[in-house]
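Visitor: Sharing a structure here in structure tokens format.
Protein chains: 2
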Amino acid sequence: MNLKEFASRLALSQTTVSRALSGYPEVKPATRDRVLKAALEFGYRPNTSALGLATGRVGAIGIVFRGGGQFGPHTSEFMGGLGTRLQQDEVDILVSTVDSSEAELNTYRRLAASKRVDAVILHSPFTDDPRIALLTSLRLPFIVHGRTQAPGEFGWLDIDNFDAIRQATSHLLDLGHRRIAFLNGHRGRVFADHRHEGYQTALAAHGIAVDPLMSGNGEFTDEMGFRLMQGFLALEQRPTAVLAGSMMSALGAMRAIRVSGLKVGDDISLIAHDDVFPYISPDNLVPTLSTTRSSIRAAGARIAEMVLELLQGTPASTLREVWPVELVIRNSTGVCPSDL
Amino acid sequence: MNLKEFASRLALSQTTVSRALSGYPEVKPATRDRVLKAALEFGYRPNTSALGLATGRVGAIGIVFRGGGQFGPHTSEFMGGLGTRLQQDEVDILVSTVDSSEAELNTYRRLAASKRVDAVILHSPFTDDPRIALLTSLRLPFIVHGRTQAPGEFGWLDIDNFDAIRQATSHLLDLGHRRIAFLNGHRGRVFADHRHEGYQTALAAHGIAVDPLMSGNGEFTDEMGFRLMQGFLALEQRPTAVLAGSMMSALGAMRAIRVSGLKVGDDISLIAHDDVFPYISPDNLVPTLSTTRSSIRAAGARIAEMVLELLQGTPASTLREVWPVELVIRNSTGVCPSDL
DNA sequence: CTGAAAGCGCTTACAG
DNA sequence: CTGAAAGCGCTTACAG
């Protein structure tokens, strides 16, 4: 059913019906009630394309993923967070998949030129991220999940990756550990660089330099954790503690430690970063896993809200947040064994 | 830039430009080339809303998720598969999140009434799924990921859950196991019911009845696997083999076995269903994990293709596929220890 | 408080 | 092979 038919059933003009539905003030309350009830009854809803043409707003937020690895467990939780907030405004998420950086840029061009979305969410930024300049020039509103050095008046939400790892490292140092390994994300990704700085800063406070042999970078998979940890354990002077960038790499690291005959918590301390997944909990591991915790789902929900605010006219420069990360001590961390 | 401006720059009518862009045959090749090149050069793309209004097609496929648990690891892989196929046609995925079944039905009503998507993908069907009748009455084209008894001329793709678990159970029986536990999905979900039937059928072939104490149902989380497995191990006559419905529940089950002092592969055999996640591989576990394997990403890609075919006019009744599932034997399965 | 009509940017029958 | 114009279903300035 379209507006014309719907309005004629109510014996009103399209104008009045449209205004009643959009909440304009100049409609008589009784008329509005009648329209609203009828819309529910007949299941009338404005055609999105017509609405998009007339108003320029389509009620969808875009997000682009690299088809391969990027659709990981973080992604689904983050999207779950976005969704819970956006559904309240009946805004949907438009997901596009790409194979390369170049394809990603082209997708933003396509989304902008065809006016498919009202805004996009940029994630996993690089220090100097070319997507910022592109989106700015396309005049496609956006919010960044993470931070970047790229200039511009955009909004962003990030967790305090620096302090999370600084805290975790300091805690291990306080327990007497001096050889602390680090499973980090890819170099060039802002979050990984921030974490590296936090690691370095904490070590430096104890006069310790970063040992390149004891830190590794990669995608956060179980295998990455397993392989890198095996490498660390094979070192002449193996670490007594490890920082893992995610639950997935922590699982692999724990297994490598176990297989080598050592015990997590007793022989080697472990702290992982936990994005809080519903299907794998640090409380449920053996031993329970100490973590730096920050719900990526909550971040998604807040970013959704920031996007909606941005579209409402809130200046991007006021939409910037750094979320603190909590260090949660469980049983995978202990005093450094003195016999090393 | 809109058509009007773009056409005038080319000194052509909007009609001709539109036809050239849409690949209509009645345009002179030279003209078409000129238009295509200029479109690339100026970055011209038709406005999606205008296109949607004029043609009724919006170039997006909808999928609805329950906000809470359903956004699991399966989801992201499946969407990755959808995306890789859809991107080739520049079709996007419109994701909506809901809290309840009722809200899900309303979302389909909203998507249909507002013509936001060309089709939707239904997933995780129940045996008698009310969504089928609704989508049919809404005339919203759809493909089901999974099967259902609900009547109708719709297309679907499912894996052979029955045979996967039947094979796995038979293999364990062949190894001498007689007490085989089963970590299954929620009752009422078709895939879980099919798996139960496969389990039951294989056991029955050896004259064994299903022992309700040795099978459990739930969401596929690490914790579910851990808790249920602990329960099985506490039984007076504990199982000598276990089937886990997913990698996540398998991780929990393996830990429960380990913590109890038993060894996977030696004391207890384990076979898990593996949807093939990039961040956790059965080859990399200790011991390596025997699985029933089926790439949920590949299923997503094929379903995307089926949706595109459906929209092209292929009859839904010809779009039905059951994919076989491969049993991959690794080191987590062994001969039943005779000392029990 | 309500309505007639222009306009958003396309496609496509119709005419040539 | 090309073009002028109607129509898709809305919103919103303008008029009353």
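If you read the protein sequences in the order shown, they are chains A and B. Going by this note's numbering, the first sequence runs without a break in its numbering and finishes at 1473. Going by this note's numbering, the second sequence runs without a break in its numbering and finishes at 1473. We put the beta carbon where it would ideally sit given N, CA and C, even for glycine.
#1: Relative to the C-alpha of S1471/B, which candidate in I1390/B, A1266/B, F1359/B and I1401/B has its C-alpha closest?
#2: For L1395/A, which residues does DSSP report across the bridge?
#3: For A1144/A, is the classification buried or exposed, using 16 other Cβ atoms within 10 angstroms of its Cβ as the cut-off for buried?
#4: Whole-angstrom Cβ separation of T1421/A and S1465/A, contact assumed at under 8 Å?
#5: Assess, as a yes-or-no matter, whether the segment 1239 to 1259 of chain A is touched by the segment 1185 to 1195 of chain A under the definition of 3 or more beta carbon pairs within less than 8 Å.
#6: Within 8 Å, do at least three Cβ pairs link the segment 1218 to 1234 of chain B to the segment 1275 to 1286 of chain B?
#7: Would you list, in sequence order, the uninterrupted alpha helix (DSSP H) runs of no fewer than 4 residues that lie entirely inside the segment 1380 to 1443 of chain B?
#8: At a CB distance below 9 Å, what residues from the segment 1402 to 1424 of chain A approach chain B? Give them in sequence order.
#9: State the DSSP-derived secondary structure class of D1472/A, mapped to helix, strand or coil.
#10: So with Cβ pairs under 8 Å, would you call S1428/A a contact of chain B?
#11: Kindly list, in the order they appear in chain A, the residues whose Cβ is closer than 7 Å to that of I1436/B.
#12: For D1407/B versus R1426/B, is the C-beta spacing smaller than 8 Å?
#13: What is the DSSP secondary structure of A1314/A, counted as helix, strand or coil?
#14: Does DSSP put H1304/A in a helix, a strand or coil?
#15: Determine, using beta carbons only, whether E1159/B comes closer than 8 Å to chain A.
#16: Any C-beta of chain A within less than 7 Å: which residues of the segment 1228 to 1245 of chain B qualify?
#17: From F1211/B to V1231/A, what distance separates their C-alpha atoms?
#18: Does the distance from the C-beta atom of G1195/B to that of S1209/A stay below 8 Å?
#19: Going by DSSP in three states, H1329/B sits in which element: helix, strand or coil?
#20: In whole angstroms, give me the CA-to-CA distance for L1403/A and R1243/B.
#21: Helix, strand or coil for D1344/B, going by three-state DSSP, please let me know.
#22: Using 8 Å for Cβ pairs, my map puts A1377/B next to L1316/B. What's the rounded Cβ distance?
#23: Helix, strand or coil: which one does DSSP assign to V1458/B?
#24: Within its chain, find whatever has a CB closer than 8 Å to the CB of E1356/A; leave out the 5 residues flanking it on each side and keep chain order.
#25: Is any beta-carbon of chain B found at less than 8 Å from that of Y1177/A?
#26: Give me the Cβ distance between L1444/B and P1274/B, rounded to the nearest whole Å; I'm assuming they're in contact under 8 Å.
#27: With 8 Å as the threshold, decide whether the Cβ of K1248/B is near any Cβ in chain A.
#28: Rounded to whole angstroms, how far is the Cβ of G1358/B from the Cβ of A1383/B, which I believe are closer than 8 Å?
#29: Would you check if the distance between the CB atom of H1256/A and the CB atom of I1429/A is smaller than 8 Å?
#30: Can you name the residues of chain B whose CB is closer than 9 Å to the CB of Q1220/A?
#31: Within 10 angstroms of its Cβ, does R1299/A collect 16 or more other Cβ (buried), or is it exposed?
#32: Using a Cβ-Cβ cut-off of 6 Å (strictly less than) and excluding sequence neighbours within five positions of S1155/B, which residues of its own chain qualify?
#33: Can you grab the Cα-Cα spacing for the pair A1193/A / S1229/B, in whole Å?
#34: Strictly under 8 Å for the Cβ-Cβ distance: is A1193/B near chain A by that measure?
#35: What would DSSP say about N1350/A, mapped onto helix, strand or coil?
#36: Residues of chain A with CB closer than 9 Å to the CB of R1388/B, please, in chain order.
Guide: Straight from the coordinates:
#1: Your numbering for residue 1471/B matches position 338 in the second sequence. Selected option, being the one with the closest Cα: I1401/B.
#2: For the purposes of this step, residue 1395/A is identified with residue 262 of the first sequence, where counting begins at 1. Looking at the DSSP assignment, L1395/A forms no beta bridge with any residue, so it has no partner.
#3: Counting from one through the first sequence, the residue named residue 1144/A turns up at place 11. With fewer than 16 Cβ atoms within 10 Å of its Cβ, A1144/A is classed as exposed.
#4: The residue given as residue 1421/A occupies position 288 in the first sequence. The residue given as residue 1465/A occupies position 332 in the first sequence. Right, the Cβ-Cβ distance comes to about 7 Å (below 8 Å), so this counts as a contact.
#5: Output reads yes: the segment 1239 to 1259 of chain A touches the segment 1185 to 1195 of chain A.
#6: No, they do not touch.
#7: If we require 4 residues or more, the alpha helix (DSSP H) runs fully inside the segment 1380 to 1443 of chain B come out as 1380 to 1392.
#8: The segment 1402 to 1424 of chain A vs chain B, Cβ under 9 Å: F1410, P1411, Y1412, I1413, S1414, D1416, N1417, L1418 and V1419.
#9: For the purposes of this step, residue 1472/A is identified with residue 339 of the first sequence, where counting begins at 1. For D1472/A, the predicted model reports a pLDDT of 49, less than 50, meaning its position is unreliable and no value from the coordinates is stated.
#10: Along the first sequence, read from residue 1 onward, the residue named residue 1428/A stands at position 295. Under the Cβ criterion of 8 Å, S1428/A is not counted among the residues facing chain B.
#11: By one-based count along the second sequence, residue 1436/B stands at place 303. Per Cβ cutoff of 7 Å: no residues; I1436/B is ~14 Å from chain A at best.
#12: Working through the second sequence from its first residue, we reach residue 1407/B at position 274. Working through the second sequence from its first residue, we reach residue 1426/B at position 293. Yes, Cβ-Cβ distance for D1407/B and R1426/B is below 8 Å.
#13: By 1-based counting over the first sequence, the position of residue 1314/A is 181. A1314/A: strand per DSSP, three-state reduction.
#14: Position 171 of the first sequence holds residue 1304/A. Looking at H1304/A - three-state DSSP - the assignment turns out to be helix.
#15: By one-based count along the second sequence, residue 1159/B stands at place 26. False, the Cβ-Cβ gap to chain A never drops below 8 Å.
#16: Residues are counted here when their Cβ sits less than 7 Å from a Cβ of chain A; for the segment 1228 to 1245 of chain B these are V1228, S1229, T1230, V1231, R1242 and R1243, given in chain order.
#17: Here residue 1211/B corresponds to residue number 78 of the second sequence, with the count starting at 1. Here residue 1231/A corresponds to residue number 98 of the first sequence, with the count starting at 1. Distance between F1211/B and V1231/A, taken at the CA atoms: about 15 Å.
#18: As a first step, residue 1195/B must be located in the second sequence, where it is residue number 62. As a first step, residue 1209/A must be located in the first sequence, where it is residue number 76. Going by beta carbons, G1195/B and S1209/A fall outside the 8 Å limit.
#19: For this step, residue 1329/B is matched to residue 196 along the second sequence. H1329/B falls in the helix class under three-state DSSP.
#20: In the first sequence, residue 1403/A corresponds to position 270, counting from 1. In the second sequence, residue 1243/B corresponds to position 110, counting from 1. Each residue's Cα considered, the two are about 48 Å apart.
#21: Within the second sequence, numbered from 1, the residue matching residue 1344/B stands at position 211. Assigned with DSSP and collapsed to three states, D1344/B falls in coil, not helix or strand.
#22: In the second sequence, the residue the question calls residue 1377/B occupies position 244. In the second sequence, the residue the question calls residue 1316/B occupies position 183. Correct: roughly 5 Å between the Cβ atoms.
#23: For this step, residue 1458/B is matched to residue 325 along the second sequence. In the structure shown, V1458/B sits in coil (DSSP, three-state: anything other than H, G, I, E or B).
#24: Reading the first sequence from its first residue, position 223 is the one you call residue 1356/A. Excluding its 5 nearest sequence neighbours in each direction, E1356/A has C-beta neighbours in its own chain below 8 Å: G1385, listed in chain order.
#25: As a first step, residue 1177/A must be located in the first sequence, where it is residue number 44. By this cut-off, Y1177/A is an interface position.
#26: Counting from 1 along the second sequence, the entry for residue 1444/B is found at position 311. Counting from 1 along the second sequence, the entry for residue 1274/B is found at position 141. Correct: roughly 6 Å between the Cβ atoms.
#27: The sequence position of residue 1248/B within the second sequence is 115, counting from 1. With 8 Å as the cut-off, K1248/B counts as an interface residue toward chain A.
#28: As a working note, residue 1358/B is residue 225 in the second sequence. As a working note, residue 1383/B is residue 250 in the second sequence. Rounded, the Cβ-Cβ distance is 6 Å, consistent with contact.
#29: Translated into positions along the first sequence, residue 1256/A becomes position 123. Translated into positions along the first sequence, residue 1429/A becomes position 296. Taking 8 Å as the Cβ cut-off, H1256/A and I1429/A do not qualify as a contacting pair.
#30: As a first step, residue 1220/A is located in the first sequence; it is residue number 87 there, counting from the start. Within chain B, the residues G1200, S1229, T1230, V1231, D1232, A1236 and T1240 have their CB atoms less than 9 Å from the CB of Q1220/A, given in chain order.
#31: Start at 1 with the first residue of the first sequence, and residue 1299/A comes out as number 166. By the 16-neighbour rule on beta-carbons within 10 angstroms, R1299/A is buried.
#32: Here the question's residue 1155/B lines up with position 22 in the second sequence. So the list is empty, once near-sequence residues are dropped.
#33: For this step, residue 1193/A is matched to residue 60 along the first sequence. For this step, residue 1229/B is matched to residue 96 along the second sequence. The C-alpha of S1229/B is placed about 10 Å away from the C-alpha of A1193/A.
#34: Working through the second sequence from its first residue, we reach residue 1193/B at position 60. A1193/B counts as touching chain A.
#35: Locating residue 1350/A in the first sequence gives position 217, counting from the first residue. Residue state for N1350/A is assigned as strand, using DSSP reduced to three classes.
#36: Within the second sequence, the letter at position 255 stands for residue 1388/B. Under the 9 Å cutoff, chain A gives N1417, L1418 and V1419.
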